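Asker: Residue 159 in numbering that gives the first Met the number 0 is what sits at position 160 of the sequence shown, and the numbering runs on without skipping anything. Each residue gets a CB set at the ideal place from its N, CA and C atoms; glycine is no exception. This structure is a prediction, so every number in the text was calculated from the model and none was measured.
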Amino acid sequence: MTGTEDTRVVSGEGGIGTLLRAALPSLPGIGSLPGVRKSGRRFDGLSVTRPPVTVERDHVEAYAGVCGFPAKDTVPPTYPHLLAFPLHMALMTDPTFPAPAIGTVHLENSLTQHRPVRVGETLDVAASVAPPKPHPKGQVFEFVTTVRAAEPDGAGEIVWDSTSTYLRRGAGDAGASWGTEFPDVSPGATVWRLPADLGRRYAAVSGDYNPIHLFGLTAKALGFDRQIAHGMWTLARSVAELENRLPDAVRIEAAFRKPVFLPGKVAFGSQPLDDGFAFTMTKPESHTVHLVGRTTSL
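Following this line, the structure appears as structure tokens:
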């Protein structure tokens, strides 16, 4: 619950227009204009939804191709995040949301597939964000998404849900939690070579055109040496490697530790747990950890 009384309906469209709305509050001068600047009022939470959306085969197959999943009549476990991403951006770009979208860092993601989602299925997607929680490096916002089978009364069965945790750096609380703890996994021997255009390819299917993922020049403008892979791509590629060993009902959790620079190489490792798998993505030469995660059978 966010404390909001009403849920706003948004189009569910992403792309360059979404990026522009996200960037405006961070621009000198423009960020202070009416309709762009953040309200500065106490933030009590927000909720948004989109009109029912039908899962299209072409889009699923394009996503699967970029992320390494096989083509199926059901969607990859990470795919519904794409349906939620425009809602997350609508929440972040709302004037009442206290932090600019640009510079807000995706720290963790926890998703639950209650059952496989079928290609051609129509879904109701809703997202909300509550007031921030303290973190040692600032504040974190948890974006909660619920995906239901579409029904006229909006009360269809929940087929997928997730919590995406974002950090806004600032004055932190040394006593606050650093986040979810994950099992240690030895660096893997499976190495993937990632092309320079991977961020642009993933942006084309996800709608996430954050400039840190697109080109060296745009990434440098925001403080990176060169463009970096999307965190949700690193999670999706990891899940794709385990996909044929996962049950229909599964929880997948991950923390994004260090950026993956493009072009580059990453190593994938995994190990069985009693009820799933632990996995990691590292830099082959130094074993720097980019991502850690685990799956849990439900």
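Determine contact between the region 98-114 and the region 151-171, defined as no fewer than three beta-carbon pairs at a distance below 8 Å.
Answerer: The answer is yes - the region 151-171 touches the region 98-114, with three or more Cβ pairs under 8 Å.
Asker: Can you check whether the CB of residue 73 is closer than 8 Å to the CB of residue 118?
Answerer: Counted from its first residue, the sequence shown places residue 118 at position 119. Counted from its first residue, the sequence shown places residue 73 at position 74. Yes, the Cβ-Cβ distance between residue 118 and residue 73 is below 8 Å.
Asker: What residues in its chain sit with their C-beta under 7 Å from that of residue 64, if we drop five residues either side in the sequence?
Answerer: As a position in the sequence shown, residue 64 is number 65, starting the count at 1. The answer is none, since no qualifying residue turns up.
Asker: Would you give the residue range spanned by the beta strand (DSSP E) that residue 264 belongs to?
Answerer: By 1-based counting over the sequence shown, the position of residue 264 is 265. Where residue 264 is concerned, the enclosing beta strand (DSSP E) stretches over 263-272.
Asker: Whose C-alpha, out of 137, 156 and 93, is nearest the C-alpha of residue 123?
Answerer: As a position in the sequence shown, residue 123 is number 124, starting the count at 1. Of the listed residues, the one whose Cα sits closest to residue 123 is 156.
Asker: Along the chain, which unbroken stretches of the alpha helix (DSSP H) at least 4 residues long are found entirely within the region 79-160?
Answerer: 79-92
Asker: Just to confirm, is the Cβ distance from residue 193 to residue 262 under 8 Å?
Answerer: Stepping through the sequence shown from its first residue, residue 193 is reached at position 194. Stepping through the sequence shown from its first residue, residue 262 is reached at position 263. Yes.
Asker: Closest by CA to residue 232, which one among 67, 46, 243 and 60?
Answerer: Position 233 of the sequence shown, counting from 1, holds the residue named residue 232. That would be 67, whose Cα lies nearest to the Cα of residue 232.
Asker: Within 10 angstroms of the Cβ of residue 243, are there 16 or more other Cβ atoms? Answer buried if so, exposed if not.
Answerer: The residue you call residue 243 lines up with position 244 of the sequence shown. The residue is exposed, with fewer than 16 neighbouring Cβ atoms inside 10 Å.
Asker: Name the two residues that bound the continuous beta strand (DSSP E) containing residue 212.
Answerer: Within the sequence shown, residue 212 is the residue found at index 213, counting from 1. Premise fails: residue 212 is in no beta strand (DSSP E) and is neither H nor E.
Asker: For the putative contact between residue 178 and residue 253, defined by C-beta atoms under 8 Å, what is the C-beta separation to the nearest angstrom?
Answerer: Numbered from 1 along the sequence shown, position 179 holds the residue referred to as residue 178. Numbered from 1 along the sequence shown, position 254 holds the residue referred to as residue 253. The Cβ separation is near 11 Å, so there is no contact.
Asker: Which one or two residues does DSSP pair with residue 294 in a beta bridge?
Answerer: Locating residue 294 in the sequence shown gives position 295, where the first residue counts as 1. For residue 294, which the question treats as bridged, DSSP gives the partners 251 and 276.
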